[in-house]
Amino acid sequence: GAVVSQHPSWVICKSGTSVKIECRSLDFQATTMFWYRQFPKQSLMLMATSNEGSKATYEQGVEKDKFLINHASLTLSTLTVTSAHPEDSSFYICSARVGLAVSRGSYNEQFFGPGTRLTVL
Amino acid sequence: DAKTTQPTSMDCAEGRAANLPCNHSTISGNEYVYWYRQIHSQGPQYIIHGLKNNETNEMASLIITEDRKSSTLILPHATLRDTAVYYCIVKDRGSQGNLIFGKGTKLSVKP
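Heads up: the protein sequence lines correspond to chains X and A, in order. Residue numbers in the first sequence follow this note's numbering, run continuously in steps of one, and reach 121 at the last position. Residue numbers in the second sequence follow this note's numbering, run continuously in steps of one, and reach 1111 at the last position.
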């Protein structure tokens, strides 16, 4: 249980285009979903936190108009990188916090997706 | 900033126990110690967490000192597939706690 998927696993796009990344909790309802970004040889940096049906909370320095987050249901969150530029090339990882428990002890724990590698040319 | 300090890297021989230390001297009473690992180009994988008692599961054991200022993650029989970056994170288990990642320890398991 507690599986999080992301789609696509990798994407290459041209500068100036927009890219949408999906994050799904497959076997549980996620009260909260998180988006992280990881540059090569660096640690994960939290970008934003989103709760189903409400606006996302962005970390300092993250442009909310550039990184659009939609959390329309308890199992799906999307991150759209608008007008992508080469400096946005990174590994984007989502995480979901368990709402309804899939197993004893998993309530409120966070599980991560496999990540999406974005390359902007 | 992360509230934990870990060694940058460690080596371990295959089949031997890997002991990964973590200092969290400013941990508060309601914060848990979590361990995740990240294998290259994958998302982080949950390993174990604890509050004050030692914990064990099918992946690892977690030893927390009595004063809770440090802990050790033990992989009892390391394999090559355990090569990864291991993150020690302290977090309030309540709904407001987020996982903030530090630099972690790069564990290299060698044949």
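Cβ atoms here follow ideal geometry from the backbone N, Cα and C, with glycine treated the same way.
| Check | Outcome |
| --- | --- |
| Helix, strand or coil at Arg1081(A) according to DSSP, with G and I counted as helix | helix |
| Residue closest to Thr75(X), alpha-carbon to alpha-carbon, out of Arg97(X), Ser9(X) and Thr17(X) | Arg97(X) |
| Any C-beta of chain X under 7 angstroms from that of Leu1099(A) | yes |
| Within chain X, partners of Lys1103(A) - CB distance below 8 angstroms | Ser43 |
| Phe1139(A) vs Ser95(X) beta-carbon contact at 7 angstroms | Nothing in the structure corresponds to residue 1139(A), since chain A is present only between 1001 and 1111. |
| Coil, strand or helix - Asp88(X) by DSSP | helix |
| Contact check, Lys66(X) vs Thr82(X), beta carbons under 7 angstroms | yes |
| Interface partners of Gly1043(A) on chain X, CB under 7 angstroms | Ile93, Phe112, Gly113, Pro114 and Gly115 |
| Selected residue, minimal CA-CA separation from Glu87(X), among Asn70(X), Arg37(X), Gly115(X) and Ala56(X) | Arg37(X) |
| Terminal residues of the beta strand (DSSP E) in which Asn1023(A) lies | Ala1018 to Asn1023 |
| Cα-Cα separation, Lys1106(A) to Thr1056(A) | 22 angstroms |
| Option nearest Thr1079(A) by Cα separation, candidates Asp1011(A), Lys1052(A) and Pro1007(A) | Asp1011(A) |
| Under 9 angstroms by beta carbon: chain X residues contacting Tyr1046(A) | Ala2, Glu109, Gln110, Phe111 and Phe112 |
| Option nearest Tyr1086(A) by Cα separation, candidates Lys1103(A), Gly1029(A), Ile1064(A) and Asp1092(A) | Lys1103(A) |
| Outcome for Gly53(X) when other beta-carbon atoms lying within 10 angstroms are tallied against a minimum of 16 | exposed |
| Proximity winner among Asn1053(A), Ser1028(A), Ala1017(A) and Ser1108(A), relative to Lys1003(A) (alpha-carbon distances) | Ser1028(A) |
| Host beta strand (DSSP E) of Glu1031(A) (start-end) | Glu1031 to Gln1038 |
| Pick from Asn1054(A), Ser1041(A) and Ala1060(A) that is closest to Ile1047(A), judged by C-alpha positions | Ala1060(A) |
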